[in-house]
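Asks:
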Amino acid sequence: MSKNKQTKFAELDALPNVLQYPYKVLKGLEGRFPYRGVWGTKVFGNDHPIIIELGCGRGEYTVELARNHPENNYIGIDIKGNRMWSGATTAHREGLGNVRFLRAEIESLTSFFGDGEVSELWLTFPDPQMRKVRKRLTSTHFLMQYKQILRSPKLLHLKTDSQFLFTYTSLVAKHNGLEVLECHKDIDEEVSETSDLRRIQTYYESQWRGRGISIKYLKIALDNLSHTPIEPTEEVPWDSYRSYGREARNTMNQTNQKI
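With our numbering applied, the sequence shown corresponds to residues 1 to 259, in that order.
1. Measure the C-alpha to C-alpha separation of E234 and T7 and round it to an integer number of angstroms.
2. Under a three-way DSSP split, which group does T124 fall into?
3. With DSSP as the reference, label R246 as helix, strand or coil.
4. Judging by CA-CA distance, which residue of F44, H157 and E107 is the nearest neighbour of R134?
5. Quick one: any contact between the region 14-31 and the region 103-121, if contact means 3 or more CB pairs under 8 Å?
6. To which residues does DSSP link K216 through a beta bridge?
7. Taking only beta-carbon atoms, is P22 less than 8 Å away from chain D?
8. Rounded to a whole number of angstroms, what is the C-alpha to C-alpha distance between N98 and P70?
9. Buried or exposed: K258, going by 16 or more other Cβ atoms within 10 Å of its Cβ?
10. Count the other CB atoms within 10 Å of the CB of K216; is the residue buried (16 or more) or exposed (fewer)?
11. Quick one: what's got a C-beta closer than 6 Å to E247's C-beta in the same chain, skipping five residues either side?
12. Take Q145 as the anchor and find which of N17, G116, F164 and T124 has the nearest alpha-carbon.
13. In three-state terms, what does DSSP make of H184?
14. Is the region 217-231 close to the region 165-174, with three or more CB pairs under 8 Å?
15. Could you please give the first and the last residue of the uninterrupted beta strand (DSSP E) stretch that includes E53?
16. Give me, in chain order, the residues of the same chain whose beta-carbon lies closer than 8 Å to that of M264; leave out the 5 immediate sequence neighbours on both sides.
17. With a cut-off of 8 Å, do at least 3 Cβ pairs link the region 111-126 to the region 151-163?
18. Within 10 angstroms of its Cβ, does E189 collect 16 or more other Cβ (buried), or is it exposed?
19. If you drop the 5 nearest sequence neighbours on each side, which residues of the same chain put their C-beta closer than 8 Å to that of F224?
20. When DSSP labels each residue in this structure, what does D78 get in the three-state scheme?
21. Any idea which residues DSSP pairs F113 with across the strands?
22. Given S214, which residues of its chain have a CB within under 6 Å of its CB, disregarding the five upstream and five downstream residues?
23. To which residues of the same chain is I50 closer than 7 Å at the C-beta, ignoring the five residues directly before and after it?
24. If you draw a straight line from the C-alpha of N4 to the C-alpha of L181, how long is it?
25. Quick check on the DSSP output: the beta strand (DSSP E) that includes R321 runs from which residue to which?
26. Do D239 and Q129 count as a contact pair if the criterion is CB distance below 8 Å?
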């Protein structure tokens, strides 16, 4: 681990707005997370709606939502502590009492939240995982977990650059009879510039925008998801700019340099 990462992890340990429960810690507690079902009373000290962002990265989206909506509580979740450090330090410095960060694996989500404890769930620019359905954050495997912890209406927000993930998620909604409340193929063309969707941008979003890639958005209610959800069988075209693994890209770049 680099010195910079070590410093960030040490500072993260000292931040009062960060809870660190990676799998090995949770396993030591036999899966008994102390705040499951009592985030409002024990962590935030109120009964305001709880909104979570999965794969929050640097935490920009979580922090900005918390700034704009003091009437809600926000939790950014990611396993990468060195990235989370940025948002957590900003929130602490600004005294944002309605935001927390949880360093943990998303796969353990139901260990951290009680049934119906969460009001809304955000996915902002997740890896589309074009090769691995089970790791895809909008796969039915994950949607079942989201449905369990969400209260009605069980709202899922997806903001993405990926046409692949946008199409796949739309198909998941279609095959499972889920209500699509909002659907935008290009938020710059279809959404007001005063909307949070337009005004709040993550580091990765700015990168995709810089490459001329449109930003898509879906808002879906998961209430109708059955106990036996259906995975789409249609073949969805891959994103051309994501179609190569790191090793393949490096090989291709070396070949191009030789040419």
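Cβ coordinates follow ideal geometry from the N, Cα and C atoms, glycine included.
Replies: On the basis of the data shown:
1. 47 Å
2. strand
3. Residue confidence is low: R246 scores 42 on pLDDT, short of 50, so the model does not pin down where it sits. No coordinate-derived value is stated.
4. E107
5. yes
6. T160
7. Of the protein chains in the structure, only one exists, and it is not chain D.
8. 7 Å
9. Caution is warranted here: a pLDDT of 38 is assigned to K258, below 50, making its placement in the model unreliable, and the coordinate value is therefore given only provisionally. By the neighbour-count rule (16 or more Cβ atoms within 10 Å), K258 is not buried but exposed.
10. buried
11. Because E247 carries a pLDDT of 44, less than 50, the predicted location of this residue cannot be relied on, and the following value inherits that uncertainty. Counting only Cβ-Cβ distances below 6 Å, and skipping sequence neighbours, we find nothing.
12. G116
13. strand
14. yes
15. I50 to L54
16. Shown here, the chain extends from 1 to 259; a query on residue 264 therefore has no answer.
17. yes
18. exposed
19. Note that residue 224 is Asn in the sequence shown here, rather than Phe. If we look at N224 and ignore the five residues flanking it on each side, its Cβ neighbours are N176, G177, L178 and E179.
20. strand
21. None; F113 has no bridge partner.
22. D186
23. W39, G40, N73, I75, E117, V118 and S119
24. 43 Å
25. No statement about residue 321 is possible, as the shown extent of the chain runs from 1 to 259 and does not include it.
26. no
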